[in-house]
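Here's the structure, in structure tokens; my notes come after.
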Amino acid sequence: MNLPGVTLGSVVVLLLPVSAGAQKYYTYAGQIGTNSALVAWGTAHSAGNTIGRTSASHGKAMLKIGPKTVQTERNWALVNGLEPDTEYSYAVTIDGRAAGEGSIRTDPERSNQLAFFVIGDFGTGSARQYKIAARMLTEFEKRRRSGNPVRFVLTTGDNIYADFNIGNISLRSGDQDRDWEKKFFQPYEWLIRDVPFYPTLGNHDGNTNENRGDLAAYLDNFFFPQAQPARWYAFSFGGLADFFALDSTDNTESGPPRPDYGPDSQQFQWLKQALKQSHAPWKIPYYHHPAFNAGPRHPAYLDTLRHFLELFEGSGVKVVFNGHEHNFQYSKQNRATGGMCFVISGAGGELRPGNVTRNMDAANIAGWAGQNHFLVVEIVDRTMRITPVSFEPVVVRDSRGKPIQLPIVVQLP
Numbered sequence: 015m016n017l018p019g020v021t022l023g024s025v026v027v028l029l030l031p032v033s034a035g036a037q038k039y040y041t042y043a044g045q046i047g048t049n050s051a052l053v054a055w056g057t058a059h060s061a062g063n064t065i066g067r068t069s070a071s072h073g074k075a076m077l078k079i080g081p082k083t084v085q086t087e088r089n090w091a092l093v094n095g096l097e098p099d100t101e102y103s104y105a106v107t108i109d110g111r112a113a114g115e116g117s118i119r120t121d122p123e124r125s126n127q128l129a130f131f132v133i134g135d136f137g138t139g140s141a142r143q144y145k146i147a148a149r150m151l152t153e154f155e156k157r158r159r160s161g162n163p164v165r166f167v168l169t170t171g172d173n174i175y176a177d178f179n180i181g182n183i184s185l186r187s188g189d190q191d192r193d194w195e196k197k198f199f200q201p202y203e204w205l206i207r208d209v210p211f212y213p214t215l216g217n218h219d220g221n222t223n224e225n226r227g228d229l230a231a232y233l234d235n236f237f238f239p240q241a242q243p244a245r246w247y248a249f250s251f252g253g254l255a256d257f258f259a260l261d262s263t264d265n266t267e268s269g270p271p272r273p274d275y276g277p278d279s280q281q282f283q284w285l286k287q288a289l290k291q292s293h294a295p296w297k298i299p300y301y302h303h304p305a306f307n308a309g310p311r312h313p314a315y316l317d318t319l320r321h322f323l324e325l326f327e328g329s330g331v332k333v334v335f336n337g338h339e340h341n342f343q344y345s346k347q348n349r350a351t352g353g354m355c356f357v358i359s360g361a362g363g364e365l366r367p368g369n370v371t372r373n374m375d376a377a378n379i380a381g382w383a384g385q386n387h388f389l390v391v392e393i394v395d396r397t398m399r400i401t402p403v404s405f406e407p408v409v410v411r412d413s414r415g416k417p418i419q420l421p422i423v424v425q426l427p
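Sequential numbering of the sequence shown, starting at 15, is according to my numbering.
Structure (structure tokens):
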């Protein structure tokens, strides 16, 4: 199977695109739990709200997933009563015509292992984005029948970029569904049918740097683990890991850009309670702006987000995922970092390859790679292994320029 300009090699993918009538439909897993799954569908090539939670109905739809059938005129359906850790095929019809199909796997009630992807700064529509997307699909299919299949994709923000910005004007920035077709639904078409993306916001996902309407489209097109629109949220997997998706941007739904992540913010008060209530061994925050960063363009946001770090350290957090800088970096685990590993994955489509080795020691960065990539993260019991993967061999280097052996290992006490 070929994506535009991309060869998938030996991977065999059986889920071919289908359409209802003359329209091209995209079908995607919005949320998967232990006993439920949310599947959505729609188009993304014309004007208007054509895909997502509040999109205009495309007709009478039927979702059949395993033994369950749901009829709806919305462009999504939540199916309950599924068995834990079970693979189900599904099919969507609209007005009696096939619109899409896929295969999802429900979460286990308890597990001592987990695999997931992390990607950031990706929605460009570039050839590099499509090549990374193809590599993600290859990796997903390779692991599908393994004992530790990929369960979901975390994003570290900047999900959709404008084609270009002129002053305060951003064109095709993601505030319209049709902006999402070549930057999200098309490159990840075969992946999103089977696994959900659980996103966080970046500065290009709203009026921090682009259009205010980008935020509304983000909240509408993603479905989130709790099946409700959310700028920050938490979810759990198998009693093994609790995830905390945070918003470090200044994006607003009204008024000028302003932060909502300070020590007195609603988000931070929520986060304190959420971490306090977490009993999973792995507590994993992820958000856009990195506290530790060797560049080459952006600063570290340690002073701005110091209250986050102090809370993380006191709550037993050992790893944090960020984006924003368009490369791969991971921090030292020392006193400055609170003994935590901060990982930057910000080159899923964008790329900033400038060499940062001379900045790394002062920035508390242990390793860097100036390459497009996504992350494969595997947890088994109290050990996490993090591997940056690309369409080319990834070489992670230390501050002396010497290659570092992969994967990166994070260990709980």
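All C-beta atoms, glycine included, are put in the ideal place defined by N, C-alpha and C.
It should be emphasised that the depicted structure is a prediction, and the values quoted were computed from it without experimental measurement.
C-beta contact flag for residue i and residue j at 9 angstroms
i	j	result
PHE130	LEU168	yes
PHE335	GLY352	no
LEU128	ALA259	no
GLY252	GLU101	no
THR138	HIS338	no
ILE108	TRP194	no
ASN225	SER187	yes
VAL408	ALA380	no
ALA231	GLN200	no
PRO421	PHE342	no
PHE405	ALA350	no
ALA105	TYR39	no
ARG366	ARG311	yes
THR208	PHE154	Before going on, a small fix: residue 208 reads as Asp here, not Thr. Closer than 9 angstroms, so yes.
With 16 other Cβ atoms within 10 Å as the buried cut-off, status of residue i
i	result
ILE180	exposed
THR83	exposed
ASN348	exposed
ILE45	With the sequence shown as reference, residue 45 is identified as Gln, and Ile is not the correct amino acid for it. Buried is the call here.
ALA70	exposed
HIS293	exposed
LEU233	buried
ASN182	exposed
LEU205	buried
PHE178	exposed
GLU87	exposed
VAL423	exposed
LEU426	exposed
LYS416	exposed
VAL20	Summary for VAL20: the model assigns pLDDT 37, below 50, so the residue's position carries little reliability, and this model does not support an answer.
SER24	For SER24, the predicted structure reports a pLDDT of 33, less than 50, and the residue's modelled location is therefore unreliable. The matter cannot be settled from this model.
LEU185	exposed
GLN385	buried
PRO18	Here PRO18 scores only 37 on pLDDT, less than 50, and its place in the model is too uncertain to base an answer on.
ALA376	exposed
ILE118	buried
LEU28	Summary for LEU28: the model assigns pLDDT 35, below 50, so the residue's position carries little reliability; its value from the coordinates is reported in the next sentence. Burial call: exposed.
THR214	buried
GLY11	This structure cannot speak to residue 11, because the chain is shown only from 15 to 427.
GLU267	exposed
THR68	exposed
LYS196	buried
THR41	buried
LYS290	exposed
PRO210	buried
Residue span of the beta strand (DSSP E) that contains residue i, given as start and end
i	result
ALA105	101-108
VAL322	The sequence given here places Phe at residue 322; Val does not occur at that position. Premise fails: PHE322 lies in the alpha helix (DSSP H), 320-329, not in any beta strand (DSSP E).
ASP256	255-259
THR86	82-86
ASN433	Given a span of 15 to 427 for the chain in the structure shown, any question on residue 433 remains unanswerable.
PRO422	Looking at the sequence provided, one finds Ile at residue 422 rather than Pro. Taken as a continuous stretch (DSSP letters only), the beta strand (DSSP E) holding ILE422 covers 422-425.
ARG111	111-119
ALA248	247-251
Contact test: residue i Cβ vs the ligand FMN heavy atom, cutoff 8 angstroms
i	result
THR397	With respect to the ligand FMN, the structure shown offers nothing to examine, as it has no ligands at all.
Unbroken alpha helix (DSSP H) run spanning residue i, endpoints
i	result
GLY234	The identity of residue 234 in the sequence shown is Asp, whereas the question assumes Gly. It spans 227-235 - the alpha helix (DSSP H) in which ASP234 sits, taken as one unbroken run.
GLU155	141-158
ASN373	371-377
ALA75	No alpha helix (DSSP H) holds ALA75; the beta strand (DSSP E) holding it covers 75-79.
GLU203	203-206
- Task: Report yes or no: do three or more beta-carbon pairs, one from the segment 317-337 and one from the segment 83-95, lie closer than 8 angstroms?
- Result: no
- Are there three or more Cβ pairs, one per stretch, closer than 8 angstroms when the segment 385-404 is compared with the segment 369-376? no
- Count the C-beta pairs between the segment 35-53 and the segment 215-234 that are closer than 8 angstroms, then say yes if the count reaches three, no if not. no
- Message: Closer than 8 angstroms is the cut-off here; do at least three beta carbon pairs connect the segment 301-308 with the segment 258-278?
- Response: yes
- Query: Given 8 angstroms as the limit, is there contact between the segment 133-150 and the segment 353-362, that is, 3 or more CB pairs closer than that?
  - Reply: yes
- Can you give, in chain order, each stretch of the beta strand (DSSP E) that sits fully within the segment 170-195 and has at least 3 residues? 178-180, 183-185
- Query: In the segment 34-58, which residue ranges form an unbroken beta strand (DSSP E) of at least 3 residues, counting only runs that do not cross its ends?
  - Reply: 40-46, 51-56
- Taking only runs that begin and end inside the segment 264-298, name each unbroken alpha helix (DSSP H) of 4 or more residues, in chain order. 280-291
- Task: Would you mind listing the alpha helix (DSSP H) stretches within the segment 341-415 that are 4+ residues and don't spill past its ends, in chain order?
- Result: 371-377
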